[in-house]
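Asker: Take this structure first; my questions come after.
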Amino acid sequence: MDWVIDHKLLKEDDGYRLILYLDKGLTEFSNEFTDGNYKQNIKEQIKKYITKNFPNLKIKGINIMVGSILIASLPFSSSVVKAQSTVSGSYNSREGIYTVESGDTLYKIANHFNTTVYKLKDVNKLSNDLIYVGQRLQIPRDNSYIVRKGDALYKIAYKYNITIKQLKLYNKLNNDIIYIGQKIYIPQNNTINTIEQLPHGIYNINSNGEHVKRIQNALNVLGYSLNEDGDYNEKTKTVILDFQTQYDGLINDGIYGPRTMEYLKRAILTDHIIVDNPSDIKVLINKDNSLPSNYKPENLVVPNIDFTFKEFHEKKLMRKDAAIALENLFRAGKKENINLYGLSGYRSYNRQKYIFTSKVMREGMKKANEFSAKPGESEHQTGLAMDVTSNSVGYGLSQYFGETREGKWLRENAHKHGFIIRYPEGKEDITGYKYEPWHIRYIGKEVSTEIKDNNITLEEYFYKNY
Ligand SMILES: [Zn+2]
Numbered sequence: 005m006d007w008v009i010d011h012k013l014l015k016e017d018d019g020y021r022l023i024l025y026l027d028k029g030l031t032e033f034s035n036e037f038t039d040g041n042y043k044q045n046i047k048e049q050i051k052k053y054i055t056k057n058f059p060n061l062k063i064k065g066i067n068i069m070v071g072s073i074l075i076a077s078l079p080f081s082s083s084v085v086k087a088q089s090t091v092s093g094s095y096n097s098r099e100g101i102y103t104v105e106s107g108d109t110l111y112k113i114a115n116h117f118n119t120t121v122y123k124l125k126d127v128n129k130l131s132n133d134l135i136y137v138g139q140r141l142q143i144p145r146d147n148s149y150i151v152r153k154g155d156a157l158y159k160i161a162y163k164y165n166i167t168i169k170q171l172k173l174y175n176k177l178n179n180d181i182i183y184i185g186q187k188i189y190i191p192q193n194n195t196i197n198t199i200e201q202l203p204h205g206i207y208n209i210n211s212n213g214e215h216v217k218r219i220q221n222a223l224n225v226l227g228y229s230l231n232e233d234g235d236y237n238e239k240t241k242t243v244i245l246d247f248q249t250q251y252d253g254l255i256n257d258g259i260y261g262p263r264t265m266e267y268l269k270r271a272i273l274t275d276h277i278i279v280d281n282p283s284d285i286k287v288l289i290n291k292d293n294s295l296p297s298n299y300k301p302e303n304l305v306v307p308n309i310d311f312t313f314k315e316f317h318e319k320k321l322m323r324k325d326a327a328i329a330l331e332n333l334f335r336a337g338k339k340e341n342i343n344l345y346g347l348s349g350y351r352s353y354n355r356q357k358y359i360f361t362s363k364v365m366r367e368g369m370k371k372a373n374e375f376s377a378k379p380g381e382s383e384h385q386t387g388l389a390m391d392v393t394s395n396s397v398g399y400g401l402s403q404y405f406g407e408t409r410e411g412k413w414l415r416e417n418a419h420k421h422g423f424i425i426r427y428p429e430g431k432e433d434i435t436g437y438k439y440e441p442w443h444i445r446y447i448g449k450e451v452s453t454e455i456k457d458n459n460i461t462l463e464e465y466f467y468k469n470y
């Protein structure tokens, strides 16, 4: 086994995955690997390597890498890697259009593009599974891609018509190594268009035209609210200045130039990924993980609790599971003479956008984002969160709520009904938000109890680093 130059172990659920790095000179390796006898021979050698180096480790699978390219993944049980179905039609990646060739089925096409038959039919408005040669099918752009055998970052980047650098920034990857089963998030077309169209020149007060429009558009993607009128006015300059003050590497002059452009691109790509499980009760939404702008939860209902206001408003809504749990929580409080009131539950993307952009234009990005979420990054859009208040704080939202009888009771009892205090005191660096004793999030009893018992946040729960 002198062809192994390095190895790495990844912890998996009930064992380890061994990553073997081969000498880059072994270019023929991947070809030979398809040969059955050769493969058997290699497997025997790997077994010896494992027995020698990790005699007591339970290894469930092996990835073989040449440089950054994954050339094979071997299960260490008896199962064999499933052959990929192939399609023969042509795909235009810029348009996202696949042209059907004979022998294709929706199933094969879905499989090839890592999507589902359901999504294919939905996007193309197909009422049945019949397709014909020459038919042009829109391939839905997925939020994420699961790495398969033979994948490499450059292949995934090529497939989605973006650069490796963009893919790495978006996924916050420090190197090119990927492994089978890893989830790679894919930036949406409009995000890529926004950054690719940023002009290379220098623009300042009184500049105007199409290029300025594109700068304004990019700033709005970050959460600012400028008229995209192509006029580099005082307001645009103020926003550029506000953007620059967030980065040590930028001169704060309010002038757009190549350096500001680079930081803008980076800021947009690293701002957040769009989650692929928005309707999951256990979805994680924060400054790094955003909901799609068009996501609206199903089954929104008004919980039967006391609110601080009488009339109907969208913000009274919650998802049904959460609403029932909230009713139980408030009822349990009442029994102990704790009177809680709902103030704000569901918030649509557009209303969050209005709230956030008004704030950011008044106070600047840094300050606005301490308390308020960018559109898509608000947990209120999930329909699983509620801001709670009491008479003792004048039915408002104040950190003092945490000191009141009601606030203390909420902190000690919310988990019994599946809720967590989402932004606890002292965890600002982890959650990205200041202490909010009033904001509770439904996550289900099992998770809420684990979080409460360990005194952790949702982020720590997901990354299991506690
Ligand atoms: Zn809230």
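Counting from 5, one number per residue, gives the positions in the sequence shown under my numbering.
For every residue, glycine included, the Cβ atom is placed at its ideal position computed from N, Cα and C.
1. Taking buried to mean at least 16 other C-beta atoms within 10 Å of its own C-beta, is L110 buried or exposed?
2. For S394, does the three-state DSSP call read helix, strand or coil?
3. Can you tell me where the alpha helix (DSSP H) with Y510 in it begins and where it stops?
4. Does DSSP put Y353 in a helix, in a strand, or in coil?
5. Which residues mark the beginning and the end of the beta strand (DSSP E) in which V70 is found?
6. How would you write the range of the beta strand (DSSP E) that D10 sits in, first residue to last?
7. What is the DSSP secondary structure of D325, counted as helix, strand or coil?
8. Nearer than 6 Å: is that true of the beta carbon of H317 relative to any heavy atom of ligand 1?
9. What would DSSP say about F80, mapped onto helix, strand or coil?
10. If you pair each beta-carbon of the region 361 to 379 with each one of the region 335 to 349, do three or more pairs fall below 8 Å?
11. Rounding to the nearest angstrom, what Cα-Cα distance links I289 and G107 in this structure?
12. Check whether the Cβ of S11 sits closer than 6 Å to any heavy atom of ligand 1, and report yes or no.
13. Grab me the residues of E214's own chain with a C-beta within less than 7 Å of its C-beta, minus the 5 sequence neighbours each way, in chain order.
14. Confirm, please, whether the CB-CB distance from S376 to K357 is below 7 Å.
15. Relative to the alpha-carbon of K169, which residue among E266, R152, I255, P441 has its alpha-carbon at the smallest distance?
16. Cβ of D292 within 6 Å of any heavy atom in ligand 1?
17. Where are the alpha helix (DSSP H) runs, 4 residues long or more, that stay fully inside the region 109 to 151, in chain order?
18. Just checking my contact of R323 with L388 at CB under 8 Å: how many whole Å lie between their CB atoms?
19. Going by alpha carbons, who is nearest to I210 out of K187, Q192, N178, G258?
20. Using only alpha-carbon positions, find the residue among D292, R263, K62 that is nearest to L14.
21. Does the beta carbon of H443 fall short of 6 Å from some heavy atom of ligand 1?
22. Would a C-beta distance cut-off of 7 Å place Y174 and L273 closer than the cut-off?
23. Buried or exposed for E383, please, with buried defined as at least 16 other CB atoms from any protein chain shown within 10 angstroms of its CB.
24. Please list the terminal residues of the continuous alpha helix (DSSP H) segment that includes P441.
25. I'd like to know if the region 64 to 78 and the region 177 to 185 are in contact, where contact means that at least 3 CB-CB pairs between them fall below 8 Å.
26. Taking its Cβ as the centre, do 16 or more other Cβ atoms sit within 10 Å of S83, making it buried, or is it exposed?
27. Within this structure, are the beta carbons of Q444 and F423 separated by less than 7 Å?
28. Tell me which residues share the same chain as G436 and place their Cβ nearer than 7 Å to its Cβ, disregarding the 5 neighbours each side in the sequence.
29. Leaving out five residues on either side along the sequence, give the residues of the same chain with a beta carbon under 6 Å from the beta carbon of K456.
30. Under 8 Å: do the region 149 to 166 and the region 123 to 135 share three or more Cβ pairs, one atom per stretch?
31. Compare the Cα-Cα distances from K176 to each of N458, E318, N308, I277 and report the closest residue.
32. Closest to F117 by C-alpha separation, out of Y149, S352, Y236, would be which residue?
33. How about S297 and E381: do their beta carbons lie closer than 7 Å?
34. Just mark E475 as buried or exposed, buried being the case when its beta carbon has 16 or more other beta carbons within 10 Å.
35. Would you mind working out which of L130, T242, H204 sits nearest R366, comparing C-alpha positions?
Answerer: By the coordinates alone:
1. As a position in the sequence shown, residue 110 is number 106, starting the count at 1. So L110 counts as buried.
2. As a working note, residue 394 is residue 390 in the sequence shown. In the three-state DSSP reduction, S394 falls in the coil class, being neither helix nor strand.
3. For residue 510 there is no data in the structure shown, the boundaries of the chain being 5 and 470.
4. Translated into the one-based positions of the sequence shown, residue 353 becomes position 349. Three-state DSSP puts Y353 in a helix.
5. On the sequence shown, residue 70 is found 66 positions in, with the first residue counted as 1. Counting along the chain, the beta strand (DSSP E) containing V70 begins and ends at 63 to 70.
6. The count along the sequence shown starts at 1 and reaches residue 10 at position 6. 8 to 16 is the extent of the beta strand (DSSP E) around D10.
7. Taking the sequence shown and counting its residues from 1, one reaches residue 325 at position 321. D325 falls in the helix class under three-state DSSP.
8. The sequence position of residue 317 within the sequence shown is 313, counting from 1. H317 Cβ: outside cutoff for every heavy atom of ligand 1.
9. As a first step, residue 80 must be located in the sequence shown, where it is residue number 76. Here F80 sits in coil by DSSP.
10. Of all C-beta pairs linking the region 361 to 379 to the region 335 to 349, fewer than three are shorter than 8 Å, placing the two stretches out of contact.
11. In the sequence shown, counting from the first residue as 1, residue 289 sits at position 285. In the sequence shown, counting from the first residue as 1, residue 107 sits at position 103. When rounded, the distance between both Cα atoms is 42 Å.
12. Stepping through the sequence shown from its first residue, residue 11 is reached at position 7. For clarity, residue 11 is His in the given sequence; the question names Ser instead. Checking the Cβ of H11 against ligand 1 gives no.
13. As a position in the sequence shown, residue 214 is number 210, starting the count at 1. Contacts found: G234.
14. Against the sequence shown, residue 357 aligns to sequence position 353. Against the sequence shown, residue 376 aligns to sequence position 372. Not a contact, by the Cβ cut-off of 7 Å.
15. Locating residue 169 in the sequence shown gives position 165, where the first residue counts as 1. Nearest in C-alpha terms to K169, of all of E266, R152, I255, P441, is E266.
16. Stepping through the sequence shown from its first residue, residue 292 is reached at position 288. Checking every heavy atom of ligand 1 against the Cβ of D292, none is found closer than 6 Å.
17. With a minimum length of 4 residues, the continuous alpha helix (DSSP H) runs that stay inside the region 109 to 151 are 110 to 116, 121 to 128.
18. Your numbering for residue 323 matches position 319 in the sequence shown. Your numbering for residue 388 matches position 384 in the sequence shown. Yes, R323 and L388 are in contact; Cβ-Cβ is about 6 Å, under 8 Å.
19. Position 206 of the sequence shown, counted from the start, is the residue given in the question as residue 210. With the sequence shown as reference, residue 210 is identified as Asn, and Ile is not the correct amino acid for it. Nearest to N210 by C-alpha distance, out of K187, Q192, N178, G258, is G258.
20. Within the sequence shown, residue 14 is the residue found at index 10, counting from 1. Proximity to L14 across D292, R263, K62 peaks at K62, based on C-alpha coordinates.
21. As a first step, residue 443 is located in the sequence shown; it is residue number 439 there, counting from the start. Under cutoff, so the answer is yes.
22. Numbered from 1 along the sequence shown, position 170 holds the residue referred to as residue 174. Numbered from 1 along the sequence shown, position 269 holds the residue referred to as residue 273. Going by beta carbons, Y174 and L273 fall inside the 7 Å limit.
23. Here residue 383 refers to the residue found at position 379 of the sequence shown. Buried is the call here.
24. The residue you call residue 441 lines up with position 437 of the sequence shown. Run containing P441: none in the alpha helix (DSSP H); it sits in the beta strand (DSSP E), 440 to 446.
25. Short answer: they touch.
26. Taking the first residue of the sequence shown as position 1, residue 83 is located at position 79. Per-residue confidence for S83 stands at a pLDDT of 32, beneath the threshold of 50, marking its modelled position as unreliable; no derived number is given.
27. Against the sequence shown, residue 444 aligns to sequence position 440. Against the sequence shown, residue 423 aligns to sequence position 419. The sequence given here has Ile at residue 444, not Gln. Yes, they are a contact pair.
28. Within the sequence shown, residue 436 is the residue found at index 432, counting from 1. Closer than 7 Å at Cβ, skipping near neighbours: N290, K291.
29. Start at 1 with the first residue of the sequence shown, and residue 456 comes out as number 452. H419, listed in sequence order.
30. Short answer: they don't touch.
31. Against the sequence shown, residue 176 aligns to sequence position 172. Checked all of N458, E318, N308, I277; the closest Cα to K176 is I277.
32. Against the sequence shown, residue 117 aligns to sequence position 113. Looking only at Y149, S352, Y236, the smallest Cα-Cα distance to F117 is reached by Y149.
33. Position 293 of the sequence shown, counted from the first residue, corresponds to residue 297. Position 377 of the sequence shown, counted from the first residue, corresponds to residue 381. For S297 and E381, no; Cβs fall outside 7 Å.
34. Residue 475 lies beyond the stretch modelled for the chain, which goes from 5 to 470, so this question has no answer here.
35. Working through the sequence shown from its first residue, we reach residue 366 at position 362. Put simply, of L130, T242, H204 the residue whose alpha carbon is nearest the alpha carbon of R366 is T242.
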